[in-house]
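> The following block contains the structure, expressed as structure tokens.
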Amino acid sequence: MLLLAASLTGCEPPIRGVTREGRVTRVPSRGLVEAAIRGTPGVDSVQDLSRLPPHRDSSEYVGYIYWGRDGARAIVQFGRTPVRDSVYFSHAISDAGTGDPSQAAVDATLPLMRAVEARLESVPGWRA
4 MLLLAASLTG CEPPIRGVTR EGRVTRVPSR GLVEAAIRGT PGVDSVQDLS
54 RLPPHRDSSE YVGYIYWGRD GARAIVQFGR TPVRDSVYFS HAISDAGTGD
104 PSQAAVDATL PLMRAVEARL ESVPGWRA
């Protein structure tokens, strides 16, 4: 699970914390994913990971990190895995390489993750 997140983002060190993932029908539109995240109450800031190497200009990856109140921070990723030619969704509480997130960060982030996922349900390709 963590290897998938690390391989999708190309991040070092790997993301640690609570991760939710699953299979989806396709990589959704970057704009629709961004709008869903930005439109979620409680999200204060969003950064597009899709435009960073090695994913720049790829239609096979969409990723965002977002921040909320009280230390809430999570990463949403959609990416095609060439091995199985399938598309996975990953949503993780991000510790930004500082170790496992504190319980306070988990408590702040989980409700925001649920709210973001509820908004993402309207994005085509979200569910199989």
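In the numbering used here, the protein residues as written are 4 to 131. Cβ coordinates follow ideal geometry from the N, Cα and C atoms, glycine included. Being a predicted model, the structure only gives us computed values, none of them experimental.
#1: Here's a check: name, in chain order, each residue in its chain whose Cβ is nearer than 6 angstroms to the Cβ of THR112, leaving out the five neighbours to either side.
#2: Using the Cβ count rule (16 or more neighbours within 10 Å means buried), how would you classify LEU55?
#3: Where does SER93 land, buried or exposed, given buried means 16+ other C-beta within 10 angstroms?
#4: Please state if the CB of VAL49 and the CB of ILE40 are separated by a distance shorter than 7 angstroms.
#5: Quick one, which of GLY34, GLU24 and ASP103 has its alpha-carbon nearest SER125's?
#6: Looking at the structure shown, is GLU120 part of a helix, part of a strand, or coil, going by DSSP?
#7: How is the beta strand (DSSP E) around VAL86 delimited, first residue to last?
#8: With respect to the alpha helix (DSSP H) encompassing VAL46, which residues constitute its N-terminal and C-terminal limits?
#9: VAL90 and VAL65: beta carbons closer than 7 angstroms?
#10: Measuring alpha carbon to alpha carbon, tell me which of ARG23, VAL27 and LEU123 ends up nearest GLY82.
#11: Do GLY71 and ASP47 come within 7 angstroms of each other at the CB atom, strictly closer than that value?
#12: Could you check what DSSP says for THR12 in three-state terms: helix, strand or coil?
Judging by the given coordinates:
#1: On the sequence shown, position 109 is the one that residue 112 refers to. Excluding residues up to 5 positions away in sequence, ALA75, ALA77 and ILE96 lie with their Cβ nearer than 6 angstroms to the Cβ of THR112 in the same chain.
#2: Here residue 55 corresponds to residue number 52 of the sequence shown, with the count starting at 1. It counts as exposed.
#3: Residue 93 sits at position 90 when you count from the first residue of the sequence shown. Counting Cβ neighbours within 10 Å, SER93 comes out buried, since at least 16 surround it.
#4: Translated into positions along the sequence shown, residue 40 becomes position 37. Translated into positions along the sequence shown, residue 49 becomes position 46. Cβ distance < 7 angstroms, so ILE40 and VAL49 count as in contact.
#5: The sequence position of residue 125 within the sequence shown is 122, counting from 1. Here the closest residue by C-alpha is GLY34.
#6: The residue given as residue 120 occupies position 117 in the sequence shown. Helix at GLU120.
#7: Locating residue 86 in the sequence shown gives position 83, counting from the first residue. Careful: VAL86 lies outside any beta strand (DSSP E) and carries neither H nor E.
#8: Sequence index remark: in the sequence shown, residue 46 carries index 43 (1-based). It is not in any alpha helix (DSSP H) - VAL46 instead sits in the beta strand (DSSP E) that spans 46 to 51.
#9: Your numbering for residue 90 matches position 87 in the sequence shown. Your numbering for residue 65 matches position 62 in the sequence shown. Not a contact, by the Cβ cut-off of 7 angstroms.
#10: By 1-based counting over the sequence shown, the position of residue 82 is 79. Closest option to GLY82, Cα to Cα, is VAL27.
#11: Here residue 47 refers to the residue found at position 44 when the sequence shown is read from its first residue. Here residue 71 refers to the residue found at position 68 when the sequence shown is read from its first residue. Yes. Within cutoff.
#12: Taking the sequence shown and counting its residues from 1, the one referred to as residue 12 is at position 9. Confidence is the limiting factor: at THR12 the pLDDT is only 44, short of 50, which leaves the residue's position unreliable, though a coordinate-based value still follows. Three-state DSSP puts THR12 in a helix.
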